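One structure is given below, encoded as structure tokens.
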Amino acid sequence: MRNFELSLAPYAVSSANTRGRLHPEKSPEGRTEFERDRDRIIHSAAFRRLEYKTQVFVNTEGDLYRTRLTHSLEVAQIARSISRNLGLNEELTEAVALAHDLGHTPFGHAGQDALNECMAPHGGFEHNLQSLRVVDELEEKYASFNGLNLCFETRESILKHCSRPNAEKLGEVADRFLSNRRPVLEAQVTNLADEIAYNNHDIDDGLRSGLITLEQTAEVPLFKMHLDRVKTRDPNIDGRRLIHEIVRGIINALVQDLLHESDRRIQQIRPTSVADVQLADKLIGFSAEMAELNHELKVFLRKELYQHYQVLRATLKARRVVQELFHIFMEDPRLLPPQFYRRSEMNIPRAIADYIAGMTDRYAMKEHQRLTVPGLQF
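Put into structure tokens, the structure is as follows:
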């Protein structure tokens, strides 16, 4: 145990109470078990591919828009700050934040929805389950095991959602979904940090793209509140500086509210162990007032940005690419790269889903062209 872990809250996860790894390994030197998890995630191929996977805007649309990689880094920064202030384990929080999108398809939620439809007769597809599959099975880096062999707590925390049938198949790591237990606080923090990050960077990217305007966004109460504060403090500010100051103000307000409300809930029940946390109601959250303001922001983004006709056009093309790739490989699995074709001997649809989910936006588009455009060089 590192010295900093001695100061953790009694209900935080520490290296001393980890439930270990699927494959026993010698303890790391000079770092904790969760630091090792974080480092393995950062050095994984799946993490590097996040650089070219979409949030809202397809990767080829511009260099300044968020990707899954920059999003994951923003989530990790926010989550670590919250964890530190609540006496939780920053290293576990960071590992979960960096790993939470490893299983995401190309083209964001459009890609996931299309792949899930294709996989509906074969068990479905959900990027959260795929993230666990990546760290448990699909990464091929170590001589003694598949995957990254992460600690139980990291794996359990990556598994944010899970249906009962899937939980029954996954075994111990999904047991909390069968016994109605909450995730550890580090996982709860990461979940809310994810929401804070994507709502606010979608505002930023939406305004940068011109798909939403400052005038439209000023109708959202939470945005208007911080717009007025910035303008009062600096009446002459405009352009990118104005937007940045508003967004950072919103993020800070959400984080501070979450800290105060979460601390209030924790003090109310005074948990003394991780087990107490998992048996309690959700302890990490916003106040009722801030939750409503945040909900209004999400409704605005859904209506004005995610349903914008230009985004819907990109979504249509993305869905077609994913669906057509899936059907091409189902018709003839021999077209898969060798490592996926070998895996298809056990489960053809799942091997195809693994291959497509691992693609970046631009790789998916190139692979689609290679398989559908006559005369294109292979």
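Per the UniProt record's numbering: the sequence shown = residues 1 to 378. Glycine included, every Cβ here is placed at the ideal spot set by N, Cα and C. Since this is a predicted model, take the numbers as computed values, not measurements.
In this structure, how does DSSP classify D63 when only helix, strand and coil are distinguished?
Numbered from its first residue, the sequence shown carries residue 63 at position 63. Any reading at D63 is ruled out, since the residue's pLDDT is 45, under 50, leaving its predicted position unreliable.
Alpha-carbon spacing of R164 relative to A364, whole angstroms:
For the purposes of this step, residue 164 is taken as the residue at position 164 of the sequence shown. For the purposes of this step, residue 364 is taken as the residue at position 364 of the sequence shown. About 32 Å.
Candidates E90, D113, E126 and A46, of which the one nearest E140 by Cα
Walking along the sequence shown from the start, residue 140 turns up at place 140. For E140, the nearest C-alpha among the options comes from A46.
Give the DSSP-derived three-state secondary structure of T54 in the structure shown.
Locating residue 54 in the sequence shown gives position 54, where the first residue counts as 1. T54: strand per DSSP, three-state reduction.
Excluding sequence positions up to five away, which residues of its chain have a Cβ less than 6 Å from the Cβ of F125?
To locate residue 125, count along the sequence shown from 1; it is residue 125. The residues are L115, N116, M119 and A353.
Three-pair Cβ contact test at 8 Å for the region 241–253 versus the region 191–201
yes
Compute the distance between the beta-carbons of P333 and G123, then report whether it is under 9 Å.
Position 333 of the sequence shown holds residue 333. Position 123 of the sequence shown holds residue 123. Not in contact: P333 and G123 (Cβ atoms no closer than 9 Å).
Three or more beta-carbon pairs under 8 Å between the region 151–170 and the region 93–109, yes or no?
yes
Could you check whether the region 21–30 touches the region 281–289, counting it as contact only if at least three pairs of C-beta atoms, one from each stretch, sit closer than 8 Å?
no
Inter-stretch contact (C-beta, 8 Å, three-pair minimum) for the region 211–220 and the region 265–282:
no
What residue range does the alpha helix (DSSP H) around I250 cover?
Walking along the sequence shown from the start, residue 250 turns up at place 250. Taken as a continuous stretch (DSSP letters only), the alpha helix (DSSP H) holding I250 covers G239 to I269.
Excluding five sequence neighbours on each side, which residues of the same chain lie with their C-beta closer than 7 Å to the C-beta of R133?
As a first step, residue 133 must be located in the sequence shown, where it is residue number 133. Hits under 7 Å: G103.
Going along the chain, which residues of its own chain have a beta-carbon closer than 6 Å to the beta-carbon of M359, five neighbours each way excluded?
On the sequence shown, residue 359 is found 359 positions in, with the first residue counted as 1. So the list reads P106, once near-sequence residues are dropped.
Can you tell me whether K53 is buried or exposed? The criterion is at least 16 other CB atoms within 10 Å of its CB, across all chains shown.
The sequence position of residue 53 within the sequence shown is 53, counting from 1. That one is buried.
From which residue to which residue does the alpha helix (DSSP H) around R342 run?
Numbered from its first residue, the sequence shown carries residue 342 at position 342. Note, R342: alpha helix (DSSP H), P338 to S344.
Residues that DSSP places opposite C151 in a beta bridge
Counting from one through the sequence shown, the residue named residue 151 turns up at place 151. DSSP, once it has assigned bridges, lists R21 as partnering C151.
Cα separation between E261 and R342?
Within the sequence shown, residue 261 is the residue found at index 261, counting from 1. Within the sequence shown, residue 342 is the residue found at index 342, counting from 1. Computed Cα separation, rounded: 51 Å.
Starting from the Cα of S209, find the closest Cα among L305, L259 and V230 and give me that residue.
Residue 209 sits at position 209 when you count from the first residue of the sequence shown. Measuring from the Cα of S209, the nearest candidate turns out to be L305.
State buried or exposed for N149, treating a residue as buried only when at least 16 other CB atoms are found within 10 Å of its CB.
Position 149 of the sequence shown, counting from 1, holds the residue named residue 149. Looking at its Cβ environment, which holds 16 or more other Cβ atoms inside 10 Å, N149 is buried.
Residues of its chain near E94, where Cβ-Cβ distance is below 6 Å and the 5 sequence neighbours each way are ignored
Mapped onto the sequence shown, residue 94 falls at position 94. If we look at E94 and ignore the five residues flanking it on each side, its Cβ neighbours are R38, A76 and R80.
Host alpha helix (DSSP H) of V299 (start-end):
Taking the sequence shown and counting its residues from 1, one reaches residue 299 at position 299. Run containing V299: A288 to L301, per the alpha helix (DSSP H) assignment.
Once you ignore the five residues that flank S44 on each side, which residues in its own chain have a CB closer than 6 Å to its CB?
Position 44 of the sequence shown, counting from 1, holds the residue named residue 44. E139, listed in sequence order.
Simplified DSSP assignment, three categories, for N180:
Here residue 180 refers to the residue found at position 180 of the sequence shown. Of the three classes helix, strand and coil, the one that applies to N180 here is coil, per DSSP.
Proximal residues to L8 (C-beta, below 8 Å), its chain only, five neighbours per side dropped:
Counting from one through the sequence shown, the residue named residue 8 turns up at place 8. Contacts found: S14, G87, L88 and N89.
Taking L297 and L222 to be in contact with their CB atoms under 8 Å, please state how far apart those CB atoms are, rounded to whole angstroms.
As a working mapping, residue 297 is identified with position 297 in the sequence shown. As a working mapping, residue 222 is identified with position 222 in the sequence shown. L297 to L222, Cβ: 5 Å. Contact.
Is the beta carbon of N17 less than 9 Å from the beta carbon of V274?
Sequence index remark: in the sequence shown, residue 17 carries index 17 (1-based). Sequence index remark: in the sequence shown, residue 274 carries index 274 (1-based). In contact: N17 and V274 (Cβ atoms closer than 9 Å).
Starting from the C-beta of K224, find all residues in its chain whose C-beta is less than 6 Å away, skip the five residues before and the five after it, and write them out in chain order.
For the purposes of this step, residue 224 is identified with residue 224 of the sequence shown, where counting begins at 1. The residues are A218.
Going residue by residue through the UniProt domain "HD" (68–199), where are the continuous alpha helix (DSSP H) segments of at least 4 residues, counting only ones entirely within it?
68–86, 90–99, 108–119, 127–133, 152–158, 164–170 and 175–179
Anyone know if the C-beta pair for L6 and S83 falls short of 9 Å?
For the purposes of this step, residue 6 is taken as residue 6 along the sequence shown, with counting starting at 1. For the purposes of this step, residue 83 is taken as residue 83 along the sequence shown, with counting starting at 1. No, these two residues do not count as a Cβ contact at 9 Å.
If we ignore side chains and look at the alpha-carbon of each, how far apart do G171 and L178 end up?
For this step, residue 171 is matched to residue 171 along the sequence shown. For this step, residue 178 is matched to residue 178 along the sequence shown. Roughly 10 Å separates the two Cα atoms.
With a Cβ-Cβ cutoff of 9 Å, do A357 and Q130 count as a contact?
For this step, residue 357 is matched to residue 357 along the sequence shown. For this step, residue 130 is matched to residue 130 along the sequence shown. Going by C-beta atoms, A357 is nearer than 9 Å to Q130.
With 16 other Cβ atoms within 10 Å as the buried cut-off, status of Y355:
By one-based count along the sequence shown, residue 355 stands at place 355. Buried, because 16 or more other Cβ atoms sit within 10 Å of the Cβ of Y355.
Alpha-carbon spacing of V373 relative to D205, whole angstroms:
As a working mapping, residue 373 is identified with position 373 in the sequence shown. As a working mapping, residue 205 is identified with position 205 in the sequence shown. Computed Cα separation, rounded: 33 Å.
In terms of residue numbering, what span does the alpha helix (DSSP H) encompassing Y309 cover?
On the sequence shown, residue 309 is found 309 positions in, with the first residue counted as 1. Its alpha helix (DSSP H) spans residues Y309 to E331.
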